[in-house]
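Residue 119 in our numbering sits at position 119 of the sequence shown, and the numbers go up by one each step.
Written out below as structure tokens is the structure these notes cover.
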Amino acid sequence: MTKRALSPHTIAAQAGHFVNASDGALTPPLGPGVTFARDAAYDLVDPTRSYARSGTGIVDVAEDLLAQFENAAACQLHPSGMAAFASLLRAVPSGSTVLLQSQIYWGTTDWLRHNAARMGLTLVEGELFCPSTLTTLVSEHRPALVLVETPSNPWLRVTDIAGAAAICHGAGAKLAVDGTAATPILTRALDLGADFSIHSATKAINGHSDLMAGCISTNAPDDPWWQDMAADRVRGGAILGSWEAWLLVRGMRTLPLRVDRMSATALDLATRLAGHAAVDQVLYPGLADHPGHAVAQAQMAGFGGLLSIVVHGGAQAALAAAGRMQIFHRATSLGSVESLVEHRHSIEPHSGIPEGLLRLSVGLEDADDLWADLDQALAG
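What follows is the structure, encoded as structure tokens:
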């Protein structure tokens, strides 16, 4: 009989069906040990453990849980989302071309612009969420790696992952998808054909603004790129600490519930904001008039807790509205239990982001309370 696939809610609640083999505990142990003993014959007591730089028990638990969420064969945890991204880029053969989606998370773009040349990589940027643009650039540049972000931050553009994978693979390129805004609860990029799925686990995957982590997953753990990344992580020591891994597992046990709630509230707020006199534009893939709405419906199990609005009156009006908010915290990041507002043009003044754009990360507060806060802030 075929085993029934479990819901992410069940996987999360049971921490990947974790039971401690030594004492039957249902909560994974922290296991802060860094070095591991050898017996009198100088054999490792546990052949898989010699030094924490190559992994610990709680890191294994966290990676296994993430792999189950992703429906992945393997997952690697890193100390931040950028560390996971950098690990992938270090595996790209020198002399290759990397094709990067434009106007995505600024940290990704900034890192590649500063490091691609000295790594022997040619960087090409373009609006890869557009299939015709992706097709043209892949055909012209024959990249080794294509990196897209969907939904993108802060524009909320949606890339058809299955379509992008077909275009990339047809030209011999690998496709990496940054799905931080969606989380693996809403989008399983590997199931749609991506070669690598990347997340800043600092955001919704952990969801409590109390740790930094990043993860990358694959269904091809024997691929030389993946093997290089695994070896590089050990050599470079880019492993998540045990305390952070333990907190991450605890955070992930409520991940599906938090994502469901955030998505529902964000859709509610986006719908109301679309009719607000002080708002020129709402960027949210859950709205029927969003250019990527149909694709989002097809590849997402919800539309996520991130949205952006363009406030009428430009930077002055947007900053004034943000300053009047009483529940939304003025802070960077996204995906946590508390709602956040960020004036992106202040962070990225030269990126082409509209001066009136406010990025909203919707948390777990009451939807009506959040709406009242937004309404009074926008009304002035």
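For glycine and all other residues, C-beta sits at the position ideal for the given N, C-alpha and C.
Next on the checklist: Going by beta-carbon coordinates alone, are L88 and V124 separated by less than 9 Å?
Outcome noted: Indexing the sequence shown from 1 puts residue 88 at position 88. Indexing the sequence shown from 1 puts residue 124 at position 124. Their beta carbons are not under 9 Å apart, which means L88 does not touch V124 by this criterion.
Checklist entry - Taking DSSP as the reference, what is the three-state secondary structure of S54? => result Along the sequence shown, one-based indexing puts residue 54 at 54. It is helical.
Checklist entry - If you run the structure through DSSP and keep just helix, strand and coil, what is R4? => result The residue given as residue 4 occupies position 4 in the sequence shown. In the structure shown, R4 sits in coil (DSSP, three-state: anything other than H, G, I, E or B).
Checklist entry - My guess is that G120 and G95 are in contact by the Cβ rule of under 8 Å, so how many angstroms apart are they, rounded? => result Counted from its first residue, the sequence shown places residue 120 at position 120. Counted from its first residue, the sequence shown places residue 95 at position 95. Right, the Cβ-Cβ distance comes to about 6 Å (below 8 Å), so this counts as a contact.
Item to check | Span of the beta strand (DSSP E), counted from its first residue to its last, around E125 | outcome: As a working note, residue 125 is residue 125 in the sequence shown. Run containing E125: T122 to G126, per the beta strand (DSSP E) assignment.
Item to check | A25 versus L374 - alpha carbon distance | outcome: Looking up residue 25 in the sequence shown gives position 25. Looking up residue 374 in the sequence shown gives position 374. Near 45 Å, if we compare the C-alpha coordinates of L374 and A25.
Item to check | Selection from T187, V158 and L134 that minimises the alpha carbon distance to A166 | outcome: Position 166 of the sequence shown, counted from the start, is the residue given in the question as residue 166. Residue L134 is the option with its Cα nearest to A166.
Next on the checklist: At 4 residues or longer, what runs of the alpha helix (DSSP H) sit wholly inside the stretch 28-108?
Outcome noted: Segments of the alpha helix (DSSP H) lying fully in the stretch 28-108: 57-70 and 81-91.
Checklist entry - Leaving out five residues before and five after A274 in sequence, what residues of the same chain have Cβ atoms less than 6 Å from its Cβ? => result Along the sequence shown, one-based indexing puts residue 274 at 274. Cβ neighbours of A274 beyond the five flanking positions: V282.
Item to check | the stretch 204-221 touching the stretch 346-355, judged by at least three CB pairs closer than 8 Å | outcome: no
Checklist entry - Since L151 and F69 are thought to touch, with beta carbons under 8 Å apart, how far apart are those beta carbons, to the nearest angstrom? => result Walking along the sequence shown from the start, residue 151 turns up at place 151. Walking along the sequence shown from the start, residue 69 turns up at place 69. According to the sequence shown, residue 151 is Pro rather than Leu. Not confirmed; about 18 Å, so no contact.
Checklist entry - Cα separation between D46 and F303? => result Position 46 of the sequence shown, counted from the first residue, corresponds to residue 46. Position 303 of the sequence shown, counted from the first residue, corresponds to residue 303. Answer to the nearest angstrom: the Cα atoms are 44 Å apart.
Checklist entry - What are the start and end residues of each continuous beta strand (DSSP E) run of 3 or more residues lying completely inside the stretch 156-236, in chain order? => result 174-178, 196-200 and 214-218
Checklist entry - Is V295 helix, strand or coil when you go by DSSP? => result Translated into positions along the sequence shown, residue 295 becomes position 295. Three-state DSSP puts V295 in a helix.
Item to check | Three-way DSSP call (helix, strand, coil) for R253 in this model | outcome: Sequence index remark: in the sequence shown, residue 253 carries index 253 (1-based). R253: coil per DSSP, three-state reduction.
Next on the checklist: By alpha-carbon positions, which one of L156, P285, A74 and L306 ends up nearest to W225?
Outcome noted: Along the sequence shown, read from residue 1 onward, the residue named residue 225 stands at position 225. Selected option, being the one with the closest Cα: A74.
Checklist entry - Looking at the unbroken beta strand (DSSP E) that takes in T309, where does it start and where does it end? => result As a working mapping, residue 309 is identified with position 309 in the sequence shown. Here residue 309 turns out to be Ile, not Thr, going by the sequence shown. Taken as a continuous stretch (DSSP letters only), the beta strand (DSSP E) holding I309 covers L306 to V311.
Next on the checklist: Under DSSP, the alpha helix (DSSP H) around H345 begins and ends at which residues?
Outcome noted: Start at 1 with the first residue of the sequence shown, and residue 345 comes out as number 345. Where H345 is concerned, the enclosing alpha helix (DSSP H) stretches over R344 to I347.
Item to check | Secondary structure of H114, DSSP reduced to three states | outcome: The residue labelled residue 114 in the question sits at position 114 within the sequence shown. Residue state, collapsed to three classes: helix.
Next on the checklist: With a threshold of 8 Å, are at least 3 pairs of Cβ atoms found where one atom belongs to the stretch 195-202 and the other to the stretch 316-332?
Outcome noted: no
Next on the checklist: Taking contact to mean 3 or more Cβ pairs, one atom from each stretch, closer than 8 Å, check whether the stretch 200-214 and the stretch 228-235 are in contact.
Outcome noted: No contact exists between the stretch 200-214 and the stretch 228-235.
Checklist entry - Which same chain residues, not among the five before or five after E127, have their C-beta less than 6 Å away from its C-beta? => result Counting from 1 along the sequence shown, the entry for residue 127 is found at position 127. Answer for E127: S102 and T133, listed in chain order.
Checklist entry - In this structure, does DSSP put V341 in helix, strand or coil? => result Here residue 341 is taken as the residue at index 341 of the sequence shown, counted from 1. Looking at V341 - three-state DSSP - the assignment turns out to be strand.
Next on the checklist: Assuming V138 is part of the alpha helix (DSSP H), what are its boundary residues?
Outcome noted: To locate residue 138, count along the sequence shown from 1; it is residue 138. Its alpha helix (DSSP H) spans residues P131 to H141.
Item to check | Local Cβ density within 10 Å of P32, reported as buried at 16 or more and exposed below that | outcome: Translated into the one-based positions of the sequence shown, residue 32 becomes position 32. Exposed: under 16 other Cβ atoms inside 10 Å.
Item to check | Cβ separation of P79 and I58, assumed to be a contact under 8 Å, to the nearest whole Å | outcome: Looking up residue 79 in the sequence shown gives position 79. Looking up residue 58 in the sequence shown gives position 58. Actually they do not touch by this definition, with Cβ atoms about 14 Å apart.
Checklist entry - What whole-angstrom Cβ distance do A12 and P256 have, given they're in contact under 8 Å? => result Counted from its first residue, the sequence shown places residue 12 at position 12. Counted from its first residue, the sequence shown places residue 256 at position 256. Correct: roughly 5 Å between the Cβ atoms.
Checklist entry - When you compare only the Cα positions, how much space is there between A62 and G163? => result Residue 62 sits at position 62 when you count from the first residue of the sequence shown. Residue 163 sits at position 163 when you count from the first residue of the sequence shown. The alpha-carbon atoms of A62 and G163 are separated by roughly 30 Å.
Next on the checklist: Considering only the alpha carbon of each residue, which of L269, R324 and I161 lies closest to R188?
Outcome noted: As a first step, residue 188 must be located in the sequence shown, where it is residue number 188. If we check each option's Cα against that of R188, I161 comes out closest.
Checklist entry - In chain order, what residues of the same chain lie with their CB nearer than 7 Å to the CB of S50, ignoring the 5 residues before and after it? => result Counted from its first residue, the sequence shown places residue 50 at position 50. The residues are F36 and L44.
Item to check | Check whether G363 and L340 have beta carbons under 9 Å apart | outcome: Residue mapping note: residue 363 aligns to position 363 of the sequence shown, counting from 1. Residue mapping note: residue 340 aligns to position 340 of the sequence shown, counting from 1. Contact: yes.
Checklist entry - Which term fits D178, buried or exposed, when burial requires 16 or more other beta carbons within 10 angstroms of its beta carbon? => result In the sequence shown, residue 178 corresponds to position 178, counting from 1. Buried, since its Cβ has 16 or more Cβ neighbours within 10 Å.
Checklist entry - Roughly how many whole angstroms lie between the Cα atoms of F129 and T159? => result Position 129 of the sequence shown holds residue 129. Position 159 of the sequence shown holds residue 159. Going from the Cα of F129 to the Cα of T159 covers about 4 Å.
Next on the checklist: Beta-carbon within less than 7 Å of M300's beta-carbon, same chain only, minus the 5 sequence neighbours each way: which residues are those?
Outcome noted: Residue numbering aside, residue 300 sits at position 300 when the sequence shown is read from its first letter. Same-chain partners within the cutoff: A182, L186 and T187.
Checklist entry - How big is the Cα-Cα spacing for G172 and T136? => result Locating residue 172 in the sequence shown gives position 172, counting from the first residue. Locating residue 136 in the sequence shown gives position 136, counting from the first residue. Whole-angstrom Cα-Cα distance: 14 Å.
Item to check | Cut-off 8 Å between Cβ atoms - residues of its own chain near A72, not counting five sequence neighbours on either side | outcome: As a first step, residue 72 must be located in the sequence shown, where it is residue number 72. Result list for A72: L66, L190, S197, S217, T218 and N219, in chain order.
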